Amino acid sequence: PRSTLFPYTTLFRSVVLAVQSALSLRLVWANTAFQDEALYLRAGHLEWARWLHGAPIPDFPAYFSGAPVIYPPIGALADSIGGLVTARIMSLFFMLGVTSLLWSTTVRLYGQRAAVLAAALFATLAGTQFMGALATYDALALLLLALAAWLGVRSADCQTRARLALLIAAGLTLAAADSVKYAAALFTPVVLAVAGLTAWRRRGGAAGLTAALVALFSWLALTTAAVTIGGRAYWRGITTSTLARAHSTVPASTVLQRAYIWTGLILLLAMLGIVLASRRETRGKLLPVVLTVAALIAPAVQAWLHTTVSLQEHVVFGAWFAAIAAGYAMARLSRVDLGRGWAAV
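Numbering (the numbering used here), first residue to last: 8 to 352.
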């Protein structure tokens, strides 16, 4: 009920987004183009030259870790308007959208109080600040991934036709996220599970299974079509950059230690959320588990590959989901005592 909503919600949301903006903006002018930024923006300009003038360009699809026809041309447009700074600020807007979607998703799952805390945790995460000041396709991919999760959660409160439409849209958006950055596909099962568990929580097991399957089939349809249209060059790029990525020599313990440094607080709070939900929730016990496991996916994969390349970006994808469970845990802590419950938070 609206009468029970956490007070001053709009003010808190504005403060969180303002703090996130300030933390990222201080990095925007801190240095010149990172190697990946230069590569993607240059590729975008060349793609425009090919589309407009038929100019020959390198075989980007064969080795890029994301479709070169999606983010690079968008980034190149921003670069043409105001240079690298504008392209980086565009990533900041993407990340502000990511935080807003985290807020909206958490509100529907656990209420306004949890949403305030989840958004604040995520917005001040070091990786979030970094991605908001980096002109690469990570921010756009995470925005689409978060939108797909929000659509799946939002669908649980709708009538049948609207629910199916939103679930189909969630699957298509998820496929778009995976196209922008192929590694985002690691979190496809998480989004499907969140959509299914949310529907199960609201409407029972049959609705949960249906939700997961509808989103899955729409994702599968668009993904299959995209790979088919892209052809061998795109499949080679997906294989070499993601599916059969070469192993490095960094010890797995080093990878896990660095991942913990980046996201340890959120991970520990999310685990606390699992414990608290197991004592209170009925159908919702599994949801915090799925949200927390998402934070372990990228570190586990990169530990297996023995590499720390882009680890500081990849862990943010899982942290977005884990922040929901962490916000839930902190909201529960704040209610331990009506007078002094916020002291723990």
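Beta carbons: idealized from backbone N, C-alpha and C, even for Gly. On a predicted model such as this, the values are computed, not experimentally measured, just so you know.
Own chain residues within Cβ distance below 6 Å of residue i, not counting five before or after
| i | result |
| --- | --- |
| Ala218 | Leu174, Ala202, Gly203 and Ala206 |
| Thr180 | Leu151, Leu154 and Ala155 |
| Met337 | Leu124 and Val352 |
| Leu18 | none |
| Leu30 | Gln136 |
| Ala146 | Ser98, Phe101, Met102 and Met138 |
| Gly104 | Leu150 |
| Ser162 | Arg170, Leu173 and Leu174 |
| Ala74 | Ser186 |
Residue i burial status per 10 Å Cβ neighbour count (16 or more: buried)
| i | result |
| --- | --- |
| Val160 | buried |
| Met97 | buried |
| Phe224 | exposed |
| Tyr70 | exposed |
| Ser186 | buried |
| Ser21 | exposed |
| Leu227 | exposed |
| Trp36 | exposed |
| Arg9 | Residue placement at Arg9 is poorly supported in this model, since its pLDDT is 44, which falls under 50; the coordinates still yield a value, given next. Burial call: exposed. |
| Gln166 | exposed |
| Gly238 | exposed |
| Val343 | exposed |
| Arg95 | buried |
| Leu250 | exposed |
| Ala121 | buried |
| Thr39 | exposed |
| Ser28 | buried |
| Thr299 | buried |
Distance between residue j and residue i (C-alpha atoms, nearest Å)
| i | j | result |
| --- | --- | --- |
| Ala177 | Gly61 | 35 Å |
| Ile281 | Trp58 | 50 Å |
| Leu229 | Gly139 | 28 Å |
| Val234 | Trp242 | 7 Å |
| Thr16 | Leu303 | 31 Å |
| Gln119 | Ala326 | 19 Å |
| Ala301 | Ile273 | 12 Å |
| Arg210 | Ser341 | 29 Å |
| Lys292 | Arg208 | 9 Å |
| Leu141 | Arg287 | 41 Å |
| Leu84 | Gly215 | 41 Å |
| Phe129 | Arg33 | 17 Å |
| Leu294 | Ala184 | 22 Å |
| Arg339 | Val76 | 45 Å |
| Thr289 | Leu109 | 23 Å |
| His313 | Val92 | 33 Å |
| Ala332 | Ser285 | 12 Å |
| Val26 | Thr131 | 8 Å |
| Asp86 | Leu279 | 43 Å |
| Thr256 | Val316 | 12 Å |
| Ala45 | Gly89 | 15 Å |
| Tyr335 | Phe194 | 21 Å |
| Ala191 | Arg168 | 28 Å |
Contacts around residue i, its chain only, beta-carbon distance under 7 Å, and the 5 residues preceding and following it disregarded
| i | result |
| --- | --- |
| Val322 | Gly134, Ala266, Trp269, Thr270, Ala305 and Pro306 |
| Asp43 | Thr143 |
| Pro80 | Gly51, Glu54 and Trp55 |
| Ala7 | Because the chain in this structure spans residues 8 to 352, residue 7 falls outside the shown range and cannot be described. |
| Thr11 | Note that Thr11 scores a pLDDT of 46, beneath 50, so its modelled location is shaky; the value from the coordinates is reported in the next line. Taken in chain order, the list of residues that qualify is empty. |
| Trp157 | Leu108, Ser111 and Thr112 |
Residue range of the alpha helix (DSSP H) that includes residue i
| i | result |
| --- | --- |
| Ser98 | Tyr78 to Tyr117 |
| Val300 | Leu293 to Leu312 |
| Thr16 | Thr16 to Val35 |
| Val352 | Unbroken run through Val352: none, as it is neither H nor E. |
| Ile64 | Where Ile64 is concerned, there is no enclosing alpha helix (DSSP H), given that its DSSP letter is neither H nor E. |
| Phe328 | Leu318 to Ser341 |
| Leu193 | Per DSSP, Leu193 belongs to no alpha helix (DSSP H) and is neither H nor E. |
| Gly271 | Ala259 to Arg287 |
| Arg161 | Asp145 to Ser162 |
| Phe137 | Ala133 to Met138 |
Same chain, Cβ closer than 8 Å to residue i, five either side skipped, listed in chain order
| i | result |
| --- | --- |
| Val297 | Val197, Ala200, Val201, Leu204 and Phe328 |
| Ile245 | Tyr189 and Val234 |
| Leu318 | Val262, Arg265, Ala266, Trp269, Ala305, Pro306 and Gln309 |
Below-8 Å beta-carbon distance, residue i vs any chain E residue
| i | result |
| --- | --- |
| Ala310 | Any reference to chain E falls outside this structure, which holds one protein chain only. |
Residue i Cβ short of 7 Å to the ligand SAH heavy atom set
| i | result |
| --- | --- |
| Gln309 | With respect to the ligand SAH, the structure shown offers nothing to examine, as it has no ligands at all. |
message: Does the contact criterion of 3 or more C-beta pairs under 8 Å hold for the region 101 to 115 versus the region 306 to 321?
response: Counting Cβ pairs under 8 Å, fewer than three are found: no touch.
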